[in-house]
Each structure stands twice: as structure tokens, then as C-alpha cells.
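Report on one structure; see the data block that follows.
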Amino acid sequence: MLRLGSPCFNVVFVLFAVWGMEIRGITKVDYDYIISVLDQWWGGPAGKRADPMFFYEFGDHALMAERDGQLIGFLFGVMVPAPSATGYVHLVGIHPDHRRRSVGKHLYEHFSERCRAAGMKRIKSIASAGHEGPVRFHQSMGFESNEVADYAGPGRSRVVFVKEL
Ligand SMILES: CC(C)(COP(=O)(O)OP(=O)(O)OC[C@H]1O[C@@H](n2cnc3c(N)ncnc32)[C@H](O)[C@@H]1OP(=O)(O)O)[C@@H](O)C(=O)NCCC(=O)NCCS
């Protein structure tokens with residue numbers, strides 16, 4: 012029975028939400044759009060996190076999620092060769108109206124698949140401490156998470172997420 016909130020309903024809802032979503036590479040138009048909406052998507056100043064090098068130098072690793080011609084999510088990452096052999100997700104953001112519909116999860120799955128194909132051994136990401144959303148998001152995908160004191164300098168702890176591929 013397809014009742015609101017039932018497991019069956021949730022599966023159908025996610026399938027419907029994912030249906031029609033395309034994951035593709037980045038263009039300059041995408042980058043400019045991300046810069047223009049980032050503060051709004053993050054609910055505060057975040058523009059500096061989307062450094063231009065994630066388009067000009069690392070654009071080959073960037074992934075865009077699009078539905079009906081609208082950009083609804085992005086992932087900026089890099090791949091660090093052996094011995095690190097790490098795919099690093101620098102920044103991921105989902106349009107506020109499209110959250111909890113597996114968009115972030117699909118972006119991570121695509122990036123993980125690319126990393127695995129390129130010989131990476133693990134995926135890593137970090138988040139500021141005290142934000143439950145990113146922690147739960149990474150844990151739901153099987154990442155280990157550890158809060159590390161002074162990770163980003165004195166008094167700047169970060170939650171470090173790692174998943175072996
Ligand atoms: C965090 C973020 C990327 C998650 O993207 P998303 O597309 O909404 O996440 P998904 O739908 O793929 O979530 C997958 C699972 O992660 C968990 N999850 C995701 N967001 C969560 C939240 N805010 N609170 C609790 N759990 C969450 C859930 O288990 C979810 O599965 P469910 O919806 O079936 O319960 C998105 O909320 C976002 O862009 N936030 C603002 C920017 C940000 O914080 N970036 C991450 C910095 S590390």
C-alpha cells in the first residue's frame with residue numbers, strides 16, 4: 012500500500028525525485044551561477060569557498076546535477092595521486108528546494124565511481140564542527156567521521172569524513 016510516509020512511499024518518492032536528473036560536467040555559465048547563489052544556498056557568506064581554481068584547474072573533477080534544465084546541485088572535488096590516492100570533496104551544495112531527494116548522494120556516488128576508476132583508494136571531506144546535517148549526510152553514505160581539534164589552525168576544529176573505496 013502506498014501510504015504517505017510508508018517505506019514504500021519513500022522509495023517511490025526518491026525514485027521520482029531522481030528520475031530525470033542528469034549529472035554532468037561544469038561550464039563557465041554553471042560556475043558563474045554557483046557563485047551568484049552560493050550564499051543563498053548556504054544561508055550565509057560562502058562565496059570564498061568556491062575558489063576559481065575549482066573551475067579553471069580542477070574543473071574536470073566538478074560535477075553538476077541538473078533537472079529540467081535547472082542546476083540543482085554541484086560538487087567540487089580533486090583527486091590526489093598515490094601515495095595519498097584520495098578523492099577529496101572540497102564543496103558540495105544542493106538547492107534548498109531540492110534537498111533530501113538524494114541529489115547530494117548521487118553526486119557523491121558519481122564522484123566515488125570516477126575516483127575508483129582513477130585508482131583512488133578513499134574519499135575524504137571535512138565540515139565545520141557543530142553542523143548536524145553534513146555529519147548525518149556523510150554517515151548515511153558510510154563515511155567514518157572524527158572531530159579533530161585545531162585541524163584548520165588553532166581553535167579551528169573540523170569534522171573529518173573518510174570512506175575507503
Ligand atoms: C548536506 C547536503 C549536501 C545534503 O544534500 P541532500 O541532497 O539534501 O542529501 P541527500 O538527499 O542525498 O541525503 C542522503 C541522506 O543523508 C542524510 N541527510 C542529508 N541531509 C540531512 C540533514 N540535513 N539532516 C539529517 N540527515 C541528513 C539522510 O539520511 C538522507 O537520507 P534520507 O533523506 O532518505 O533520510 C545539503 O543539505 C546542502 O547542500 N547543505 C548546505 C551546504 C552544506 O552543508 N554542504 C556540506 C558541507 S560538508
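Count the sequence shown with the working numbering and you get residues 12 to 176, in order. Using N, Cα and C, we set each Cβ at its ideal position, and we do this for glycine too. No experiment lies behind these values; they were computed from the predicted model shown.
Burial state of residue i (16 or more Cβ within 10 Å)
{"i": "Ser47", "result": "exposed"}
{"i": "His149", "result": "buried"}
{"i": "Tyr119", "result": "buried"}
{"i": "Val159", "result": "exposed"}
{"i": "Arg147", "result": "exposed"}
{"i": "Met64", "result": "exposed"}
{"i": "Arg167", "result": "exposed"}
{"i": "Tyr99", "result": "buried"}
Three-way DSSP call (helix, strand, coil) for residue i in this model
{"i": "Gly166", "result": "coil"}
{"i": "Ser4", "result": "There is simply no residue 4 to check, as the chain begins at 12 and stops at 176 in what is shown."}
{"i": "Met12", "result": "Note on Met12: pLDDT 48, under 50, position unreliable in the model; the coordinate value appears next. In the structure shown, Met12 sits in coil (DSSP, three-state: anything other than H, G, I, E or B)."}
{"i": "Phe85", "result": "strand"}
{"i": "Met131", "result": "coil"}
{"i": "Gly98", "result": "strand"}
Distance CB(residue i)-CB(residue j) smaller than 8 Å
{"i": "Arg60", "j": "Leu102", "result": "yes"}
{"i": "Cys126", "j": "Met75", "result": "no"}
{"i": "Lys135", "j": "Glu155", "result": "no"}
{"i": "Phe85", "j": "Ile45", "result": "yes"}
C-alpha gap between residue i and residue j, whole angstroms
{"i": "Asp41", "j": "Gly31", "result": "19 Å"}
{"i": "Arg169", "j": "Ala163", "result": "7 Å"}
{"i": "His72", "j": "Phe122", "result": "8 Å"}
{"i": "Ala129", "j": "Leu176", "result": "11 Å"}
{"i": "Pro92", "j": "Phe69", "result": "14 Å"}
{"i": "Glu124", "j": "Ala96", "result": "14 Å"}
CB contact check: residue i to chain D, cutoff 8 Å
{"i": "Thr38", "result": "Looking for chain D here will not work: only one protein chain is present."}
Pick from the options that is closest to residue i, judged by C-alpha positions
{"i": "Asp161", "options": "Arg78, Val146, Ser113, Ala140", "result": "Ala140"}
{"i": "Lys132", "options": "Gly104, Pro94, Asp50", "result": "Pro94"}
{"i": "Pro145", "options": "Trp53, Tyr67, Leu82", "result": "Trp53"}
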